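I have placed the structure first, in the form of structure tokens, so that the comments after it can refer back to it.
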Amino acid sequence: MFEDVPPPSAAEGTGAVRGVAEALLDGAVLDAVFRQAEVGLHVLDRDLRLVRVTGAVLAARGVAVEDVVGRPAAEAYRVFGIEVKESVLREVMDGGTPLREVLVPGRPPGDPGRPHVYSVSVYPLRAPGPGGREGPSIGLVATVMDVTERVRTRQRLGLLYEARERIGRTLDVERTARELVEVTVPGFAGSVVVALTDAVLRGKPPELRRKGEAPLLRCAAVGGSGDARADGPLPEPGEVLLPGLFGARLPEGPELVSVDGDVRLVAPLAVRGQLLGAVAFRRPPWADPYTEDDLAPADGVTAHTATCLENALRFTREHVVMTALQSWPLRPEGESRHAVEVAQRHRPGGTGAGSWFDVIPLSGARVALVVGQVERPGLSSVATMGRLRTAVYSLATLDLAPHELLARLHGVTQRLARE
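Sequential numbering of the sequence shown, starting at -14, is according to this note's numbering.
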């Protein structure tokens, strides 16, 4: 009745032991992954029920294993505040393209007041087929990673990039204020009020004030979603703003300020210790409130805006000086010209900073018509223009021959070019 069974060979015995060892190792690896890994690993069966999940990650998110295991995917992931379309999962199960690093919003029970962002990847699980080939799908495996901080960091960097690209494109004070609104609404704020001091709005440098003295601020730009419930009462451009809009006092740096139970982010517009204005950012009541993490990007945006405003003020002052010098006559106003009738129209070319024309009366019912331009930046061109105008006027009054006058003028321009 019994037959003698030969003992396994050494090779067969070694292979069997190796197979058992590999199985034990695989089991230990899976157990470690599901118990200790910080990345959520979820396994779903053919019916799209969650059958296994990383326990450590669930505990960190305030979810018990029994709350999700055994439930359909849509119901299980709703615990995390994530809406799942089972049709998409079924498509992956039936041989569709796996999902890789899809960003999905959610609100975990452990932190319901703060929105989270998850990176989700889903792949089919296949049973081994004959001959080492892949068999049919027996389920899905999904990796879920909380990338909230990474996404927020990217958004903050994106805000700073947009600010540097779009704010300060013109050397106009009010336009710069409007550009700040355009960059921050609606991504960073629901509504924004940009206020500037009265002196800055008039193109003058900031006025000195006593310590603790509240500056006179006027609304320079305002923007919102257009929904009165979300934006709240917004001032009109040019309106004098009450200090209460920015809290009990104007902060020296970005701060979270509570005004009538409404949390705003308030930041000054200051450069080199000079106050140019202030900004109040506000989010609608149903949006996520500002936190300490929002102070750094607000500081970066407002600091860049303040620098652009200072550049605009400098340009305005230089433009006033240039215009005054260009229109300054070299001859007395009462002096008459009998040789020609002059119709004047000044159309600057190039930068327009050092362009001018003059009509100089000469003896013998003659006049000298002069047109010139200096291509230098800012006030440098105006200073050079003034020296050239004076030189031309002085040479013209010497009653020199045209070729001699031009030769001397050439020498003057060469000397000025070397300086």
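Cβ atoms here follow ideal geometry from the backbone N, Cα and C, with glycine treated the same way.
Here the structure is a predicted model, which means the values were calculated and not measured.
- It is roughly 7 Å from the alpha-carbon of Pro236 to the alpha-carbon of Ala252.
- Taking a contact as a CB-CB distance under 8 Å, the pair Leu294 and Leu260 does not count as one, their CB atoms being some 11 Å apart.
- The alpha-carbon separation between Gly47 and Arg92 amounts to approximately 11 Å.
- Looking at the backbone, the Cα of Arg99 and that of Ala206 are separated by about 31 Å.
- A direct Cα-Cα distance of roughly 55 Å separates Arg63 from Pro191.
- Burial is judged here by how many other beta carbons sit within 10 angstroms of a residue's own beta carbon; Val264 has at least 16 and is buried.
- A straight line joining the alpha-carbon of Gly349 with that of Glu360 spans about 34 Å.
- Phe342 and Met370 have their alpha carbons spaced roughly 10 Å apart.
- Under DSSP, Thr128 takes part in a beta bridge, and its partners are Leu26 and Ser106.
- According to DSSP, residue pairing for Arg299 in a beta bridge does not occur.
- For Glu86, the enclosing beta strand (DSSP E) stretches over residues Leu84 to Gly91.
- Taking Gly55 as reference, the option from Leu33, Thr292 and Val129 with the minimal CA-CA separation is Leu33.
- Boundaries cannot be given for Glu326, as no alpha helix (DSSP H) includes it and DSSP labels it neither H nor E.
- Per DSSP, Ser348 lies in no alpha helix (DSSP H) and is assigned neither H nor E.
- Inter-residue distance for Ser104 and Val132 is about 6 Å (C-alpha atoms, whole angstroms).
- The DSSP-derived three-state label of Val69 is coil.
- In this model, Arg163 and Gly246 are separated by some 27 Å (Cα to Cα).
- Using a 10 angstroms sphere on the CB of His101, the tally of other CB atoms reaches 16 or more, which defines it as buried.
- Comparing alpha carbon positions, the residue from Val50, Gly396, Gly211 and Pro109 closest to Arg75 is Pro109.
- Assignment of Ser365 by DSSP, reduced to helix, strand and coil, places it in the helix class.
- Phe231 is a Cβ neighbour of Val242, given a cutoff of 8 Å.
- Taking all protein chains in view, the Cβ of Ser366 is crowded by 16 or more other Cβ atoms within 10 Å, so the residue is classified as buried.
- Put simply, of Leu84, Glu51, Leu88 and Asp79 the residue whose alpha carbon is nearest the alpha carbon of Ile67 is Leu88.
- Beta-bridge annotation (DSSP): Thr182 is paired with Leu202.
- Here Val64 carries a coil assignment [DSSP, helix/strand/coil].
- Nearest in C-alpha terms to Thr375, of all of Pro387, Val355 and Ala386, is Val355.
- Using a Cβ distance threshold of 8 Å, Leu125 and Val77 count as a contacting pair.
- Val166 carries a helical assignment under DSSP once its states are collapsed to helix, strand and coil.
- Between the beta-carbon of Ala272 and that of Gly143 there is about 18 Å, and that puts the pair past the 8 Å contact cut.
- Here Glu221 has Cys204 as same chain residues with Cβ atoms under 7 Å from its own Cβ, once five neighbours each way along the sequence are excluded.
- Look at Arg34 here: in three-state DSSP terms it is strand.
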